[in-house]
Every structure is written in structure tokens, then in C-alpha cells.
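> Quick one: the structure is below, and I'll ask about it shortly.
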Amino acid sequence: MTDVAHTENPARQATTPPKNTTTTTGAADHVDLAWLTIGEALRERASRTPDDVVVREKDQGVYRAFTWSQYLQDATAFAWALRRRGFRPGQHVAVMGDPTYRFMVADAGVILAGGVAFGIYTTCSPEEVRHQIRTAGATTLVAENQEYVDRFFEVAEDCPSVNHVVVDDTRALFGYDDARIEAFDDLLDEGNAATPQEVAEVHEAAKTVSVDDPAMLIFTSGTTGPSKAAMISHRNVLVGGALQLCTVFPELHREDEVRIVAHLSLAHAFERIIALYSPILSRIVVHTGEGLENLSTTLYEVQPNMFHAVPRVWQKFAAGAITRVERAGGLKQRAYQLAMRVAKRHRRSPSALTRFGYLFARLLVFRPMLRKFGLAKVRFGITGGTHIPPEVQRTWQLWGVNLLNALGMTEVGFIAFQTGQFPEPGSVGTPVPDIAVQVAEDHELLYRGPGVFLGYLNQPEKTEEVFEGEWFASGDVGEINDEGHLVLRDRKKDIMITAGGKNITPSLIENVMKASPYISELVLIADGRKFPTALVEIDRETVEDWARSNGHLYTSFGSLTRLPEVLHLIEGQIAKGNEELARVEQVKRFRIIPKELDPEEGDTTPTRKVRRGQFQKMFADLVEDMYAEEAAELARFS
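This is how it looks when you write it as C-alpha cells:
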């Protein structure tokens with residue numbers, strides 16, 4: 008793959024820490040993170056700022072604040088309760104549910120007990136739950152409510168390692184009679200009743216853990232096969248993750264309070280680093296609402312000054328705003344169109360005159376729109392996890408939200424960030440401190456740094472496959488441009504070659520098309536084919552709004568996808584996207600799939616990444632229909 012000589016990977020051994028490991032952890036004192044475990048860093052922070060707020064959680068309409076001292080006390084209580092149940096350092100605990108204060112306590116408690124926590128996506132099928140619990144050998148499952156308890160017990164017979172099922176909301180569990188089920192409150196009550204001598208046992212257990220031991224497991228997305236459990240060390244988390252974030256964005260520990268909303272799954276490395284561990288080093292205060300279905304309400308109430316989200320969230324919010332403007336018509340629509348023209352002119356050729364016009368556009372049009380989202384006070388937004396369509400990022404920037412692209416990997420931590428005010432979309436910015444980037448001869452990106460993981464749990468052969476000597480082979484194809492910015496092209500395995508021998512980068516084409524508010528997902532078909540085609544998942548919310556506004560009747564989502572008017576709408580969106588593409592990249596035909604994508608049906612991963620192989624098998628008839636004329640032509644000459 009590359010010419011780098013094979014040597015032992017230092018990331019899988021005790022390592023010499025990088026130079027940049029000293030930070031201010033939310034106060035004036037400097038702390039060297041290189042030799043601190045997460046538990047030690049947590050105790051250090053709580054001892055210095057015991058009365059600072061770390062979490063605000065909405066419960067029955069009221070936000071309750073939790074301080075660092077309360078957080079540490081609850082986490083220590085949970086750790087002690089685990090130890091009473093036989094939990095020992097190095098063992099694994101699974102957590103399944105929405106991000107809440109209780110789950111933050113559970114995660115911190117596991118770490119204080121010397122254990123390793125991992126999240127399970129709430130969208131995981133029972134089969135995937137079984138796979139992850141068996142792979143990890145989890146001894147305890149922490150579940151939010153009956154829904155996730157039910158999912159576990161569908162496969163519980165295949166998960167004999169689980170001795171305890173700790174449930175936060177037990178109200179609907181009256182039908183269960185299983186000794187393994189316990190209430191989260193009971194564990195906290197037990198732990199809070201522990202004597203000082205008993206609590207000291209928790210601290211002694213934590214001392215057996217080193218900075219190079221695993222702190223968490225993150226399961227890979229599993230787009231091409233069973234997900235793997237990546238082992239992430241304490242040093243990986245603090246130095247390769249949280250510290251990198253706080254170094255690139257120093258305002259995180261300089262501001263009086265940085266309000267964020269936790270809304271991604273705690274199975275996601277992005278959320279864990281930002282919401283669980285970065286607060287230890289910063290002034291971040293985490294906010295959680297009453298269920299993720301109420302995210303819009305939570306954002307409106309909290310008015311965060313930093314917002315992090317995967318591209319799909321930014322895309323759906325933007326799509327909703329644009330369709331509401333289009334539906335409003337009249338004066339509102341004309342005002343928005345004028346404001347966008349002014350914003351684009353200012354972005355293209357800034358001057359005193361355009362700046363004046365843009366300020367009015369933001370004040371009169373964009374700011375009221377952002378206030379409805381709860382994003383009017385966001386100083387910067389971060390997106391990562393997959394590609395964001397450049398047009399979507401540009402739209403948010405024109406509205407006045409400084410949306411920055413980021414690159415990170417489960418196995419590497421944070422790699423690169425865009426910085427500054429309204430950077431040009433298209434790159435993921437410059438590499439973070441202490442990360443080395445190498446571009447191999449085949450353009451694969453290789454990384455080395457303090458965030459590089461320990462390896463895949465119980466899969467040494469899979470671990471060896473992703474290392475070229477001391478470099479982690481990412482599987483991403485990309486380059487470093489003349490400005491020193493890292494530009495991603497696609498996954499190496501996803502690059503397509505047409506029947507005419509032309510290389511096609513599917514993500515580039517897909518992202519251009521997904522800038523449309525009416526297209527939720529688009530999967531390109533081109534490998535070995537005469538020309539590119541696409542399968543389209545329409546955005547249910549925006550297309551339904553469009554259909555109702557235009558008087559088009561339908562009875563179900565399936566019937567909506569078959570409306571001739573919807574077909575014509577998407578045809579126009581595809582044609583608009585094609586204008587931005589080279590001729591060889593243009594989508595010649597498309598079909599709308601008759602359903603919404605669902606991770607439980609196997610077409611996407613729990614993070615909604617498309618499993619291309621499975622996806623094309625599910626809709627093989629639609630694919631072949633798009634190439635039917637070419638197949639018939641070949642048959643005539645065969």
C-alpha cells in the first residue's frame with residue numbers, strides 16, 4: 008500500500024507523550040494530561056471547581072443543574088455499587104439509551120471502578136445488540152427504559168456474560184421477573200450509603216488502571232461486515248481527543264460558560280469526546296432535554312453558543328427552513344431571496360457597502376430564522392462523522408452560523424478542523440497539533456499521533472491490517488492542498504470505475520445532490536456501468552410539506568414516492584445538481600426508493616451510513632431497470 012517500513016506500532020504500547028499535553032482544565036491551574044487517567048482528571052476537576060455546573064437536565068419542564076461535586080459523588084456511588092456486584096477493573100459495561108445525566112454518571116462510574124464502558128446505538132437491531140455484547144463480554148447492561156430491556160432480552164440467552172441489567176426508568180417493567188434487573192436509583196442509594204473506607208476501595212481499584220489501558224470501546228459502523236470493537240485508551244481520549252478540541256478552540260476554556268446540547272448517541276465517539284470528556288478540560292456545560300424527539304425545543308430553550316452535529320442534522324434543519332420559506336411565499340419569500348443575494352454578494356466581493364447590506368439581512372431575516380432553531384447565539388458549529396455537502400455548509404455560513412468542518416476517526420481521534428471565520432467549504436481544515444499525516448502513493452491517508460487506538464478487541468489480525476508500520480491506514484483517499492488543508496475524496500473501497508474506464512468519486516456526486524432539501528439520501532451506481540445512475544430516498548418531511556402545499560394527494564409514504572409530481576420535483580433537483588458536475592459524473596437516470604431507510608432492516612448502519620452492497624441488493628430491480636435499455640442493446644449483439 009505504501010513504502011513505509013513495517014515497525015511495531017507505538018500506539019499499541021506504553022508511549023512517550025507528545026509535547027502538547029499541558030492544559031488549563033477549566034481554571035487557572037495547569038495540568039499535565041499525559042499521565043492522568045480520565046478518573047484522575049475528573050477528580051482533579053471536581054476538587055478545584057466543585058460548585059461549577061457541569062450538566063443541566065430538563066425534567067418535567069424544569070432544568071436542574073448538577074455541579075462537579077455532585078457528578079463525582081454520584082459517579083463514585085455508582086462505581087461502589089458495581090464493585091459490590093463483583094465488577095472488577097478491566098471489565099466491560101454496555102450503555103443503551105439517549106444521552107442523559109444518568110448515563111454520564113454511569114460512564115464515569117465505570118471508569119472510576121477501573122472498567123470500560125461502551126454505548127449501543129438505540130437503532131441497533133437485537134442481532135447487533137447480541138453481537139456487541141458478546142464481542143465485549145459485557146458483564147452489565149445499563150438501559151434507559153423498557154424498550155431497550157426488551158431488545159436485550161430477545162437475545163439474552165446468547166449473552167451469558169451479562170449478570171446485571173440496570174434500568175433508569177423502571178415504570179413499565181412490571182411484567183418482568185428476572186433477578187438481573189435492578190433500578191438505577193437503587194445502585195445510587197447503595198453507593199451513597201457506603202462508608203469512607205468502602206469508597207476508598209473504589210479509589211484503590213482505579214489506581215490499577217494506567218493511561219494506556221482501554222477507557223472505552225467504540226464499535227465501528229460495520230458498512231462492509233460485522234462491527235469491530237475499537238479499544239480507546241485514557242490517553243487517546245484526553246490527549247488525542249478532548250485536549251485537541253480545547254487546543255484548536257481555546258474559547259472553550261476561556262469563556263465563562265459554553266452551552267452545548269447533548270443529542271447524539273453515546274455510542275458515537277464524536278458525542279463521547281465532546282459531551283463526556285471535553286467538559287473536564289473546559290467550561291463546557293452539557294444540556295439535555297426531555298427526549299431527542301424534542302431536540303428543537305431543547306435548542307430553543309438553551310440557545311447554545313456551540314452546537315455540534317453530524318451532517319444529516321445540519322442538512323435536515325436547513326431543508327426545513329428553506330421549505331418553510333418557500334411555502335410562506337409572498338413577502339417572506341421575497342425578503343429571504345433578497346437577503347441571500349446580498350449575503351452571496353458580500354461573500355464573493357466584500358466591501359463597506361455589502362457589509363452594511365449583509366448586517367441588515369442578518370438582523371431582519373437570518374437572525375429571526377436562527378432564533379426559531381435555537382441557534383442564533385452559536386459562535387461556531389462543528390460537523391463531522393461523514394461528508395457534509397459543501398452547499399449545505401455554505402448556506403449555514405451565509406445565514407451567519409460559522410459552521411466548521413472537522414475530521415475524526417474512531418481509531419485516531421480528532422485529525423483536522425477548519426478554523427477562523429466562515430472558511431471555504433470543501434476541506435476538513437488543517438491537522439491538529441501532534442497529528443502527522445502522510446499521503447501514500449495510492450492517495451490513501453495515513454495518520455500517526457496520540458489518538459491512535461490500541462487495536463480491535465480480540466482481533467489482532469484485523470488490527471494488523473490497518474497499520475503500515477507505525478502509521479494507521481485510514482482507508483480514506485485524499486490530499487493536502489496548496490493551503491495545507493486536508494481534502495477528503497472518498498473511501499478507498501468506494502471509488503468506482505465506469506465501463507469506459509473513468510474513475511468516479513461517489514461521495515462528491517452524492518453530496519452535490521444531497522444539498523437539495525428534498526433529497527435525504529442518494530446512492531450512486533456507476534461501477535462497471537456505462538453511465539452513473541442513482542437511487543434516491545426523498546426527505547419525508549419536506550416532500551410531504553411540498554405535496555400538501557401544492558394540493559397533491561397521497562395516502563402513505565409509498566404512494567408519495569410514486570406521485571408523478573414528486574418524480575418531476577426530484578428530476579429538477581437532479582438536473583440542478585448535474586449543472587455542478589463534469590459530464591462523466593452527471594447522473595443520467597434515477598429511481599426513488601419506495602421506503603425510508605431503516606438500520607433495523609440492514610440497509611444502513613445505526614449511524615445511517617449506507618451499506619452499499621446490501622442497499623443495492625435490496626433495490627436490485629430498480630438498478631437493473633435503469634440500465635434495461637443498455638442490457639437489451641447488449642443482448643441484440645451477443
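Residues 8 to 645 (my numbering) make up the sequence shown, in order. Positions of the beta carbon are idealized from the N, C-alpha and C atoms, including for glycine.
Give me the Cβ distance between E451 and K499, rounded to the nearest whole Å; I'm assuming they're in contact under 8 Å.
Start at 1 with the first residue of the sequence shown, and residue 451 comes out as number 444. Start at 1 with the first residue of the sequence shown, and residue 499 comes out as number 492. Right, their Cβ atoms sit about 6 Å apart.
> Once the 5 residues before and after R290 are set aside, which same chain residues still bring their CB inside 6 Å of it?
Position 283 of the sequence shown, counted from the first residue, corresponds to residue 290. Cβ within range, chain order: G33, H260, E262, E264, V265.
> So, for T361: in the same chain, excluding its five sequence neighbours on each side, which residues have a beta-carbon less than 8 Å away from its beta-carbon?
Your numbering for residue 361 matches position 354 in the sequence shown. V349, R352, H353, listed in sequence order.
> Assuming K595 and T512 form a contact by the criterion Cβ under 8 Å, report the distance between their Cβ atoms to the nearest whole angstrom.
Here residue 595 corresponds to residue number 588 of the sequence shown, with the count starting at 1. Here residue 512 corresponds to residue number 505 of the sequence shown, with the count starting at 1. In fact, because the Cβ distance is near 17 Å, the residues do not count as touching under 8 Å.
> Three-state secondary structure (DSSP) at N301?
Working through the sequence shown from its first residue, we reach residue 301 at position 294. If DSSP states are grouped into helix, strand and coil, N301 belongs with the helices.
> Verify whether the separation of the beta carbon atoms of E425 and N412 is less than 7 Å.
The count along the sequence shown starts at 1 and reaches residue 425 at position 418. The count along the sequence shown starts at 1 and reaches residue 412 at position 405. Rather than Glu, the amino acid found at residue 425 in this sequence is Gln. In contact: Q425 and N412 (Cβ atoms closer than 7 Å).
> Going by alpha carbons, who is nearest to A447 out of W478, P457, L461?
Here residue 447 corresponds to residue number 440 of the sequence shown, with the count starting at 1. Ranking the options by Cα distance to A447, first place goes to W478.
> Check whether the region 106–120 touches the region 131–144, taking contact to mean three or more Cβ pairs, one atom from each stretch, closer than 8 Å.
Not touching, per the Cβ criterion.
> Buried or exposed for P257, please, with buried defined as at least 16 other CB atoms from any protein chain shown within 10 angstroms of its CB.
Translated into positions along the sequence shown, residue 257 becomes position 250. Exposed, since its Cβ has fewer than 16 Cβ neighbours within 10 Å.
> Sort P457, C166, L195 by Cα distance to D441 and report the nearest one.
Sequence index remark: in the sequence shown, residue 441 carries index 434 (1-based). Residue P457 is the option with its Cα nearest to D441.
> Tell me the residue span of the beta strand (DSSP E) that contains I545.
For this step, residue 545 is matched to residue 538 along the sequence shown. First-last of the beta strand (DSSP E) with I545: 540–545.
> Is I600 helix, strand or coil by DSSP?
Start at 1 with the first residue of the sequence shown, and residue 600 comes out as number 593. Coil, per DSSP.
> Please name the residue or residues paired with T611 in a DSSP beta bridge.
Against the sequence shown, residue 611 aligns to sequence position 604. DSSP, once it has assigned bridges, lists V617 as partnering T611.
> Going by C-alpha distance, which of V550, A84, W75, A282 is nearest C253?
Residue 253 sits at position 246 when you count from the first residue of the sequence shown. Measuring from the Cα of C253, the nearest candidate turns out to be A282.
> Using the Cα positions of G565 and S556, report the straight-line distance between them to the nearest angstrom.
Sequence index remark: in the sequence shown, residue 565 carries index 558 (1-based). Sequence index remark: in the sequence shown, residue 556 carries index 549 (1-based). One C-alpha to the other measures close to 19 Å.
> Tell me whether Y525 sits in a helix, a strand or coil according to DSSP, three-state version.
Here residue 525 corresponds to residue number 518 of the sequence shown, with the count starting at 1. In the structure shown, Y525 sits in coil (DSSP, three-state: anything other than H, G, I, E or B).
> By Cβ distance below 7 Å, which residues in the same chain neighbour A627 in space, the five residues on each side in sequence not counted?
The residue you call residue 627 lines up with position 620 of the sequence shown. Taken in chain order, the list of residues that qualify is empty.
> Which class does N409 belong to by DSSP, given the choice of helix, strand or coil?
Taking the sequence shown and counting its residues from 1, one reaches residue 409 at position 402. Here N409 sits in coil by DSSP.
> Enumerate in chain order the residues of its own chain whose CB-to-CB distance from R374 is below 6 Å, with the five nearest sequence positions on each side excluded.
The residue you call residue 374 lines up with position 367 of the sequence shown. Here the set comprises A383.
> Should D36 go down as buried or exposed, given a rule of 16 or more other Cβ atoms within 10 Å for buried?
Walking along the sequence shown from the start, residue 36 turns up at place 29. The predicted position of D36 is uncertain, since its pLDDT is 45 and thus under 50; a value taken from the coordinates is nonetheless stated next. D36 is exposed by the Cβ-count criterion.
> From the DSSP output, in three-state form, read off I329 for me.
Taking the sequence shown and counting its residues from 1, one reaches residue 329 at position 322. DSSP places I329 in helix when its eight states are reduced to three.
> Shortest alpha-carbon distance to R242 belongs to which of L43, F421, D192?
As a working note, residue 242 is residue 235 in the sequence shown. For the residues L43, F421, D192, the minimum Cα distance to R242 belongs to L43.
> Between which residues of its own chain and D220 is the CB-CB distance below 7 Å, once the five residues before and five after are set aside?
Start at 1 with the first residue of the sequence shown, and residue 220 comes out as number 213. Correct list, in chain order: S240, H241.
> Opposite Q445 in the DSSP bridges: which residues?
Sequence index remark: in the sequence shown, residue 445 carries index 438 (1-based). Answer is L453.
> Tell whether a beta-carbon distance below 7 Å holds between L529 and V435.
Residue 529 sits at position 522 when you count from the first residue of the sequence shown. Residue 435 sits at position 428 when you count from the first residue of the sequence shown. Cβ atoms of L529 and V435: not closer than 7 Å.
> Counting C-beta neighbours from all protein chains within 10 Å, is the total for A656 16 or more, i.e. buried, or is it exposed?
Lying outside 8 to 645, the shown extent of the chain, residue 656 is not represented and no answer is given.
> Rounded to the nearest angstrom, how far is the Cβ of L376 from that of A335, given a contact under 8 Å?
By one-based count along the sequence shown, residue 376 stands at place 369. By one-based count along the sequence shown, residue 335 stands at place 328. According to the sequence displayed, residue 376 carries Met and not Leu. So it is not a contact: roughly 11 Å between Cβ atoms.
> Out of curiosity, what's the CA-to-CA distance linking D501 and R71?
Taking the sequence shown and counting its residues from 1, the one referred to as residue 501 is at position 494. Taking the sequence shown and counting its residues from 1, the one referred to as residue 71 is at position 64. Spanning the two alpha carbons is a distance of roughly 46 Å.
> Given 8 Å as the limit, is there contact between the region 568–587 and the region 177–192, that is, 3 or more CB pairs closer than that?
They do not touch, by the three-pair rule.
> Give the single residue among R90, E607, P601, A150 whose Cα lies nearest to the Cα of V102.
Residue 102 sits at position 95 when you count from the first residue of the sequence shown. The candidate whose alpha carbon is nearest that of V102 is A150.
> Taking 8 Å as the cut-off, does the region 292–303 touch the region 58–75 (at least 3 CB pairs, one atom from each stretch)?
Output reads yes: the region 292–303 touches the region 58–75.
> Among the residues of its own chain, which have a CB less than 8 Å from the CB of Q698, if the five just before and after it don't count?
Shown here, the chain extends from 8 to 645; a query on residue 698 therefore has no answer.
> Threshold first: 3 residues or longer. Then list the beta strand (DSSP E) segments lying entirely within the region 393–438, N to C.
You should have 410–416, 420–424.
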